[in-house]
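J.: Provided herewith is a single structure, encoded as structure tokens, for subsequent inquiry.
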Amino acid sequence: MTQKTPLSKIDQEALEYHESYPPGKIRITPSKPVDSQHDLSLAYSPGVAAPCMAIHEDKELSYKYTSRANLIAVISNGSAVLGLGNIGPYASKPVMEGKAMLFKKYADVDVFDLEVDESDPDKFIDIVKSLEPTFGGINLEDIKAPECFYIEKKLKEQTNIPVFHDDQHGTAVIAAAAFTNALEVTGRTFEETTLVVNGAGAAAIACTNLLIKLGLKKENILMCDSKGVLYEGRTKGLNEFKTPFLRKTERRTLADAVAGADAFLGVSVGGVLKKEMVATMNEKPLLFAMANPDPEILPTDAHAVMPNAIVVTGRSDFPNQVNNVLGFPYIFRGALDAQCKSIEPEMLMAAVKALATLAKKPVPEAVKSFYEKGEVFDFGPDYLIPKPNDPRVLVDVSLAIATAACDLGVARKKIHKKEYKQQLIELAEKIHGFSIKNIYAESE
């Protein structure tokens, strides 16, 4: 086995990082002592029969006696991995292990990453469905559109645990929180804002649907794909997920679409939004250029023609990064703690509100010290959403998810808000290594 592609310095460092013993990025460790014969008799034979029979009589007790209460499956078939495309299940494993690391690092959620060698959607669904007894929730990852829509829909119908496609809904939650605050900064409302969406895949459609639930009017949206505007009468390149966004319009190209628009949301390809196009938009445009690694337009190019533009990207080296790590660990933390049967749109809207609200609060000095000098931490055009290293995200988002789940009736376990909040504060302090109790005490 040889590496044929010439390697950059960072690529070589990454290979060495993954190769060092033990290979990969995650491992399994016991959570109970096994230091004596008595421990072994409790962990395995004969003691293990007691929880087995208790669960046999009531399978809901699996949340009490097994790791299921804190265990997520990160599942992919490798058909749409990052910007790498359909590289298959074997090659997707480093990404899934990375996702597992982030779940554990940011929210103390345990993960089994499962790379499934199956491209047929129905067979993939059957495989994942059969794993339900093992997990408290399922995080679908890097599955290509439009199959990902069908797979998620069917699994939600056929399982009794949360099924969440992070490429869709994780991106949508973070983008929607930033969009909510960008509207406030520019003095707009959801109802009056006109939006152009470039990209009609999983993330773009999920972002658009969530913005509609938050108040954006469907008639004020033009969506484009690689063939141009989705307009009434077009027949090529459509599927059932694009069809709802067909509009009666004479505009055909992205350049046509953005002229006079308030906002642009891109989950497409780098460089597609030109400076000349931005110059035709309304003042203080909202530019969500979220293609990775190269955004649809660089912030410097956008500001060259529209200095008052608010620019959001997926990159950490620019302000306002839409980073899914602000979402999925805490969405599942709350869902697991409430032992949810599903994750509903209202729960995601609660997460959006929690993130948007947190961005307006003073940032702890311990969080600021993690970042380089020059970073902006005051609510405004360059600080629309919290930073990933802010421990309050764990508290506020997880609490919002669990509370909404109880209100909706999809929680198996009743959450007592005050006690649960304190539990989350203690977990956040343990993870991040500094106290935030006083911050919450001052706000109450």
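Counting from 64, one number per residue, gives the positions in the sequence shown under my numbering. Just so it is clear, CB atoms sit at the ideal spot from N, CA and C, and this is done for glycine as well. Every value quoted in this text rests on a predicted model; they were computed, and no experiment measured them.
Compute the distance between the beta-carbons of Lys404 and Val473, then report whether it is under 8 Å.
T.: Within the sequence shown, numbered from 1, the residue matching residue 404 stands at position 341. Within the sequence shown, numbered from 1, the residue matching residue 473 stands at position 410. In contact: Lys404 and Val473 (Cβ atoms closer than 8 Å).
J.: Find the nearest neighbour of Ala239 within the set Lys436, Ala422, Cys469, Tyr503, judged by alpha-carbon distance.
T.: Locating residue 239 in the sequence shown gives position 176, where the first residue counts as 1. Minimum Cα distance to Ala239 is reached at Ala422.
J.: Measure the Cβ-Cβ separation of Gly397 and Ala491 and say whether it is below 8 Å.
T.: Position 334 of the sequence shown holds residue 397. Position 428 of the sequence shown holds residue 491. No, the Cβ-Cβ distance between Gly397 and Ala491 is not below 8 Å.
J.: Ordered along the chain, which non-local residues of its own chain (more than five positions away) have a Cβ less than 6 Å from that of Ile373?
T.: Indexing the sequence shown from 1 puts residue 373 at position 310. Around Ile373: Ala245, Leu349, Pro444.
J.: Just to confirm the assignment, what range does the alpha helix (DSSP H) spanning Leu218 have?
T.: Within the sequence shown, the letter at position 155 stands for residue 218. Run containing Leu218: 210 to 221, per the alpha helix (DSSP H) assignment.
J.: Check the DSSP bridge columns for Phe227 and list the partner residues they point to.
T.: Working through the sequence shown from its first residue, we reach residue 227 at position 164. Paired residue(s): Asn202.
J.: Just reading off the beta strand (DSSP E) that Cys287 is part of, what are its end residues?
T.: As a working mapping, residue 287 is identified with position 224 in the sequence shown. Start and end: 284 to 288.
J.: For Val259, which residues does DSSP report across the bridge?
T.: Your numbering for residue 259 matches position 196 in the sequence shown. Leu285, Phe327.
J.: Using CA atoms only, rank isn't needed, just tell me which of Lys88, Glu82, Tyr169, Lys219 is closest to Val388.
T.: Taking the sequence shown and counting its residues from 1, one reaches residue 388 at position 325. Per the Cα distances, Tyr169.
J.: Less than 7 Å between C-beta atoms, sequence neighbours within five positions excluded: which residues of the same chain meet that for Ile150?
T.: As a first step, residue 150 is located in the sequence shown; it is residue number 87 there, counting from the start. Excluding positions up to five away in sequence, the list reads Gly141, Val144.
J.: Kindly indicate the opening and closing residues of the beta strand (DSSP E) around Ser139.
T.: Along the sequence shown, one-based indexing puts residue 139 at 76. Note, Ser139: beta strand (DSSP E), 134 to 139.
J.: Compare the Cα-Cα distances from Phe351 to each of Gly323, Phe381, Thr343 and report the closest residue.
T.: Stepping through the sequence shown from its first residue, residue 351 is reached at position 288. Measuring from the Cα of Phe351, the nearest candidate turns out to be Phe381.
J.: In angstroms with no decimal places, state the Cα-to-Cα distance between His81 and Asp74.
T.: By one-based count along the sequence shown, residue 81 stands at place 18. By one-based count along the sequence shown, residue 74 stands at place 11. C-alpha separation (whole angstroms): 11 Å.
J.: Any contact of the segment 353 to 361 with the segment 186 to 205, i.e. 3+ C-beta pairs under 8 Å?
T.: These segments do not touch.
J.: Confirm, please, whether the CB-CB distance from Val259 to Thr271 is below 8 Å.
T.: The residue you call residue 271 lines up with position 208 of the sequence shown. The residue you call residue 259 lines up with position 196 of the sequence shown. Cβ atoms of Thr271 and Val259: not closer than 8 Å.
J.: According to DSSP, is Gln485 helix, strand or coil?
T.: Counted from its first residue, the sequence shown places residue 485 at position 422. In this structure, Gln485 counts as helix in the three-state DSSP scheme.
J.: So for Tyr128, helix, strand or coil by DSSP?
T.: Locating residue 128 in the sequence shown gives position 65, counting from the first residue. If DSSP states are grouped into helix, strand and coil, Tyr128 belongs with the helices.
J.: Please determine, among Gly233, Glu204, Ala241, Pro196, the residue with the shortest C-alpha to C-alpha distance to Ile224.
T.: Indexing the sequence shown from 1 puts residue 224 at position 161. Residue Pro196 is the option with its Cα nearest to Ile224.
J.: Could you check where the alpha helix (DSSP H) with Ile394 kicks off and where it finishes?
T.: In the sequence shown, residue 394 corresponds to position 331, counting from 1. Start and end: 391 to 400.
J.: Report the partner residues of Thr376 according to the DSSP bridge assignment.
T.: Residue 376 sits at position 313 when you count from the first residue of the sequence shown. Bridge partners of Thr376: Ala352, Gln384.
J.: Measuring alpha carbon to alpha carbon, tell me which residue in Tyr434, Thr298, Met369, Lys299 is nearest Asp325.
T.: The residue labelled residue 325 in the question sits at position 262 within the sequence shown. Closest option to Asp325, Cα to Cα, is Met369.
J.: Between the segment 276 to 289 and the segment 306 to 315, do at least 3 Cβ pairs fall closer than 8 Å?
T.: The answer is yes - the segment 306 to 315 touches the segment 276 to 289, with three or more Cβ pairs under 8 Å.
J.: Express the C-alpha separation of Leu462 and Ile206 in angstroms, rounding to a whole number.
T.: Residue mapping note: residue 206 aligns to position 143 of the sequence shown, counting from 1. Residue mapping note: residue 462 aligns to position 399 of the sequence shown, counting from 1. Straight-line Cα distance between these residues: approximately 29 Å.
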